[in-house]
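These notes are about the structure you will find just below.
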Amino acid sequence: MSPNLPRGLRFLTTVAFVEPQQLTGASVRKLAYRPQVDGLRAVAVLLVVFFHAGVTGFANGYLGVDIFFVISGYLITSLLLEERQRTGTISLLGFYERRARRIVPALVTVVAASSIGAWFVLTPIRMDEFVGSVISAFTFSANFWFLAQTHYFSTASDQQPLIHLWSLGVEEQFYVVFPLALLVFVRAADRSLALAIAGLAVASLALSHLVAMSSPDAAFYRPDTRAWELLIGSSCAFLSGRKLPFQGGLATLGIGLIVLTLFVLGSAEPIFLAIPVCLGTALVLVSTDKASGVAKVLGSTGVTHLGLISYSLYLWHQPLLALARVRELGPLSPAQTAALLLASTVLAVATWRYVERPFRDRSRFNRRGIFVATLCSIAAFVTFGVGGTASSGFAFRYGAMVDKYFAAVGTVDDQGSRRNKAIGMGVCHFRADMSPPINQFLRDWACTGTASGASVLVVGDSHAADKAAALKLNGIDVAQMTGAGCSAVPSLMSADCAAIFDRVRTYAKAHPFSRLIIANKQLPTIYTAAQIDEAIAYWRPMGAKIYWLSDMPQFMSLEDWKARNLMANGDATIGAIPATVAEAERNFSAMRALEGGRFTTLDSARLFCSITDARTCEPFIKGRGWLALPEGHLSAIGAYLFGRQLLADAAFRL
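0 is the number of the first residue of the sequence shown in numbering that gives the first Met the number 0; add one for each residue after it.
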């Protein structure tokens, strides 16, 4: 333990984060306290918090979780190896006791507080989703729950109070298997274990890449496709304390890799960005040079203090941000965001001091007490979740208005069904869970317009499918090849998306189009100049005049707005709904500045808002219904009216 730390801090950091042998008994050798590990935790939690808060410049902040995974693998493996050296075996009971002390008390505190907030803020439909996430949190399966529910980078995800708990699910699933494996091979030599773990890490990384080609979300959430990150940390444990070549530069190189990936490389598939971040973290962990600048910064008092509360801060920030967004029915202001981050920090300090620390003290809570409390907590929260599901999200909170509520929000689902028909779901638009297998979809694709062939081709993601429907509903002969989440930028395409677009480009060689329409959801990020250049180079050989529709306004909390109007006025359709019109207009301006005579940008926000009132941009017309759906999509009637505006636009007029 570092003699330079104050006595109180030395005690707290040892109990809280290194999980030393005070919790398991005497040790032949003790794990030395390394302040830079807490410093890395501080870096990781700041990245995640700023990403979830939408702070400019932190679009890759989600990679902080990857740093956490590597650190976790390193520390847990170090403790297990030390126990093996000391006792000749590994106590699974002791291991899971330490995990329960580490994870459960703060988790119970935050989820309980979040549930109280959700009771007063969330509508029945949202509450039904929330209680499902509560059940998944306490069955340590949150990663699979959110894989089935929502895309991590979608607009809707930032209104999910417990979405960040997916990472706890991955860790706990990993730690069901990993200690058992070490116990089975407890007599194996360190070298053999290290080689086996390194081999498994490579295999997991390869699997992650293969899965990401067809299902990026699955690669993001699954434990087998994330295991390589924890295993990299495990590999570092075998090098702990060893003198390695170039010690002075390892930590600097590691931090350099992390910074380069986060702030220079830009956006890409998470797996490609995670590799340098994990390797950079590993280099910092294996570096023993305490005199390096990196070690001094990471080990400084303020940074390590933040590392100490990192777990509690990780737990608190997302529920506060998400519930506030739902309550505000839209994006938060910078002042609101800053206030919530400050509140998260205060709550994190209190939770660390009054919840985390006491439950790690075996003199206060013995093993039996910890296990009983854990099982009771799981039973209580699962019961709460089942009750919420059985009561349709505790719908009785709405009293006599509950029937009107479900009638009002049901119209969104009805509109969604009509939209699916309009966009040719499974026929012209590929979505894995609503389409034939990709090979069959490509073989059967025949969305080429009339027998004579269309002159207009629409490509892109589900927003492009809306635009294809907009033209078709207005009698325009349109060819369509679109796919869920399919970017028009080659480097951002999944394997399925690349296959889809290769199919239509091959078709276009024999059946040329005069106009090509591209549309993609970009917000909250915007394509870079390099990505636009890449896309144009990919599509220009078709020889068609290229039109690029800028992003649609994202109507935030559509169902929540309807519910609030219903409760306040008895009418779910009164008033305009806040939309990210300003962000959409910025997207248009940015795209237009990159045209360079190569394509024409069309302003989706202006076209949509002018259907009703350009000033208020209302997504509802009395007697006609909802024009917009969540995530910036168009209803069938909305698509028809948008198409009329598009065809009347001087920049596009056919």
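Where a beta carbon is used, it is the ideal one built from N, C-alpha and C, also for glycine.
Where the beta strand (DSSP E) containing residue i begins and where it ends
| i | result |
| --- | --- |
| L515 | 514–518 |
| Q479 | 477–482 |
| L456 | 455–459 |
| L601 | 599–601 |
Where the alpha helix (DSSP H) containing residue i begins and where it ends
| i | result |
| --- | --- |
| I589 | Position check: residue 589 holds Ala in this sequence, whereas Ile was assumed. Unbroken alpha helix (DSSP H) run through A589: 580–592. |
| G198 | 189–213 |
| Y322 | The sequence given here has Leu at residue 322, not Tyr. 309–327 is the extent of the alpha helix (DSSP H) around L322. |
| L78 | 63–86 |
| T350 | 333–350 |
| T280 | 269–285 |
| P178 | 165–183 |
| E96 | 91–120 |
| F380 | 366–389 |
Beta-carbon proximity of residue i to residue j, cut-off 7 Å
| i | j | result |
| --- | --- | --- |
| A294 | Q35 | yes |
| G168 | A147 | no |
| V69 | C277 | yes |
| P629 | A583 | no |
| G482 | I499 | yes |
| S654 | L243 | This structure gives no information on residue 654, because the portion of the chain shown stretches from 0 to 653. |
| V285 | S166 | no |
| F641 | A469 | yes |
| G425 | S416 | no |
| G72 | S233 | yes |
| K471 | R514 | no |
| G253 | A41 | no |
| S343 | W315 | yes |
| P215 | G392 | no |
| V210 | A202 | no |
DSSP state of residue i mapped onto helix, strand, coil
| i | result |
| --- | --- |
| Y32 | coil |
| Y546 | strand |
| I620 | strand |
| H304 | helix |
| F500 | helix |
| A58 | coil |
| W144 | helix |
| L633 | strand |
| A650 | coil |
| H510 | coil |
Cβ neighbour criterion (16 or more within 10 Å) applied to residue i
| i | result |
| --- | --- |
| R186 | exposed |
| T382 | exposed |
| F67 | buried |
| M126 | buried |
| P104 | buried |
| L78 | buried |
| R324 | buried |
| R614 | exposed |
| T23 | Confidence at T23 is low in this model, with a pLDDT of 35, below 50, so the placement of that residue should be treated as unreliable; the coordinate-derived value is given next. Classification for T23: buried. |
| D37 | buried |
| Y174 | buried |
| T280 | buried |
| A647 | exposed |
| W118 | exposed |
| G56 | exposed |
| S549 | buried |
| G198 | exposed |
| K466 | buried |
| F271 | exposed |
| P357 | exposed |
| S207 | buried |
Reference residue i, options the options, closest by Cα
| i | options | result |
| --- | --- | --- |
| T388 | L78, R100, L319, V130 | V130 |
| D532 | L249, A195, A487 | A487 |
| G301 | L646, L39, I475 | L39 |
| E170 | A226, D216, F137 | A226 |
| A562 | L284, L645, M541, M400 | M400 |
| R605 | T579, L593, G624, E594 | T579 |
| L374 | S343, Y95, L515, L182 | Y95 |
| A180 | A112, W625, L230 | L230 |
| A554 | D602, G631, L261 | A small fix is needed here, since residue 554 is Phe in this sequence, not Ala. Nearest C-alpha to F554: G631. |
| Y506 | M541, D495, S490, E355 | M541 |
| R363 | S309, R100, G595 | R100 |
| L261 | S309, A43, A635 | A43 |
| I620 | I576, F651, T600 | I576 |
| A431 | V477, V385, G484, D402 | G484 |
| F440 | A111, S454, M480, A378 | M480 |
Interface flag, residue i vs chain C, CB-CB below 7 Å
| i | result |
| --- | --- |
| A543 | You won't find chain C in this structure, because it holds only one protein chain. |
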